[in-house]
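Trainee: If you scroll down you'll find the structure; I have some questions about it.
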Amino acid sequence: MAEEIIIVFCSLPEEADAVRLAGILVEEKLAACVQVLAPMQSVFFWEGQVQVAAERLLLCKTLASHYSVLERRLLELHPYEVPEILALPVTTALASYRGWMDDVLRG
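All letters in the sequence shown, in the order written, are residues 112 to 218 by my numbering.
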């Protein structure tokens with residue numbers, strides 16, 4: 112049985128930080144691909160108040176076995192005290208994409 116693919120979501124306040132972090136995760140083979148999405152507005156509760164912040168969202172495609180190291184690396188590099196780090200399972204993937212991910216992350 113093939114190992115589970117997951118997508119890890121992580122938001123950052125600055126585009127330059129998001130692109131830099133994406134590059135590190137791919138270079139260190141913690142993710143096969145990281146997409147940096149267009150600017151978005153996040154609305155959240157922090158320190159007793161509703162906050163609104165411009166952020167960039169990272170979509171990190173990786174294997175479940177890489178999650179703990181990827182999470183640790185995000186925590187080391189992230190500017191937020193409590194960063195958003197969420198992982199979702201991928202239920203189906205194109206076989207050739209899965210093969211490419213395996214080559215990148217295990218090769």
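Where is the CB? At the ideal position from N, CA and C, for every residue including glycine.
#1: On the DSSP bridge list, what partners appear for K140?
#2: Decide if V119 is buried, meaning its Cβ has at least 16 other Cβ atoms within 10 Å, or exposed.
#3: Verify whether the separation of the beta carbon atoms of P150 and R131 is less than 8 Å.
#4: Spell out whether any CB of chain B is found under 8 Å from the CB atom of L199.
#5: Among the candidates A127, E126, E138 and L123, whose CA atom is the shortest distance from the CA of L216?
Mentor: Working from what's here:
#1: In the DSSP output, where bridge partners are listed per residue, K140 has none listed.
#2: buried
#3: no
#4: Within the model displayed, chain B is absent; a lone protein chain is all it includes.
#5: Considering only alpha carbons, the answer is E138.
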